[in-house]
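Sequences listed follow chains A and B, in order.
Just so you know, the first sequence maps onto residues 990 to 1102 in my numbering.
Just so you know, the second sequence maps onto residues 189 to 303 in my numbering.
Shown next, in C-alpha cells, is the structure this report addresses.
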Amino acid sequence: AQSVSQHNHHVILSEAASLELGCNYSYGGTVNLFWYVQYPGQHLQLLLKYFSGDPLVKGIKGFEAEFIKSKFSFNLRKPSVQWSDTAEYFCAVNARGGNKLTFGTGTQLKVEL
Amino acid sequence: GAVVSQHPSWVICKSGTSVKIECRSLDFQATTMFWYRQFPKQSLMLMATSNEGSKATYEQGVEKDKFLINHASLTLSTLTVTSAHPEDSSFYICSAPSGHSYEQYFGPGTRLTVT
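Structure (C-alpha cells):
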C-alpha cells in the first residue's frame, strides 16, 4: 500500500516570500503524483500533476513541483507567494494504472500581508 | 472542466437516524466514484469506491453496513449513513475520475453533524 508524508503541517509566510512544501511517498511501483489545493470554504482543486516525462511540472497560479525519483519526493514550490495563496495543500499519489488516491495529511499555508 | 456536485452541502441529524448524501457528475459519466471522509485539520481518508452496476469496494476498517453506497447511474452515487452516531460527524467528500487522465474531480463536500 502507498503512503504519503507531508512534513510541514502549518506554514506562515509573508507576501512575496518563496514557498516549498515537502512531500514524500512510499510505494514500490510506478506512481502518479498530484498536488491539490483547498481554499477556505471551497472544494479541492488540482494544482498540478506528474505522470511521466519532465520531472519538473508546472501548474496553475505559478506553482511548480519536482519529482525526484531517488528521494521519493514531489515537493511543491512557488517563487513568490500571494495573500490569495492562503489555503490547505494536499499531496496525493496513486499507483500507475489505478484511480485510488492516497493523500498526505495536508499543509495549512497562511500568507500574511 | 468537469464538475462534481454534492447534495446536501450540510446536514444535521439526530442520533439513530439515517442520512443520504448524493454525488453527481454534471457533465461527464463516471463508472467509478470515490467517497472520502475528512476530519477537522486532517487529511482525506478514502472510505470506499463506488462502482456503477456492481457492489462498492470498501477500505479496511469501514463498515459497509453502516455506510451504504449505491451507484445508481453513470452520473449518480449515494452514500447513506445508517443509524448515525455523533462520531459519524465529519466532512464527506466524493470524487470522480474523468476520462483516462487519472485526474479526479472533487465535489464540494457535505458537512454532517449528528446530535
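Virtual Cβ for every residue (Gly too), placed ideally from N, Cα, C.
Using a Cβ distance threshold of 8 Å, residue 302 of chain B and residue 274 of chain B count as a contacting pair.
Put simply, of B:292, B:277, B:264 and B:251 the residue whose alpha carbon is nearest the alpha carbon of residue 203 of chain B is B:277. Here the segment 260-273 of chain B makes no contact with the segment 1011-1031 of chain A; the two share fewer than three CB pairs at distances below 8 Å. If you check the CB distance, residue 1067 of chain A and residue 1051 of chain A come in under 8 Å. Look at residue 296 of chain B here: in three-state DSSP terms it is coil, with no helix or strand label. Counting only Cβ-Cβ distances below 7 Å, residue 1095 of chain A has contacts in chain B at 231, in chain order. In the DSSP assignment, residue 1097 of chain A is bridged to A:999 and A:1077. Judged by DSSP secondary structure, residue 269 of chain B falls within the beta strand (DSSP E) whose first and last residues are 264-269. Boundaries of the beta strand (DSSP E) harbouring residue 285 of chain B: 278-285, taken from the DSSP string. In summary, the residues of the segment 196-224 of chain B whose CB is separated from some CB of chain A by less than 9 Å are 220, 222 and 224, in the order they occur in the chain.
Secondary structure at residue 275 of chain B: helix, using DSSP grouped into helix, strand and coil. Interface residue (Cβ-Cβ distance to chain B less than 8 Å): residue 1099 of chain A is not classified as such.
In the three-state scheme derived from DSSP, where H, G and I count as helix and E and B as strand, residue 1059 of chain A is classed as helix.
Residues of the segment 1067-1097 of chain A that bring their beta carbon within less than 7 Å of a beta carbon in chain B comprise 1079, 1083, 1088, 1089, 1090, 1092, 1093, 1094 and 1095, in sequence order.
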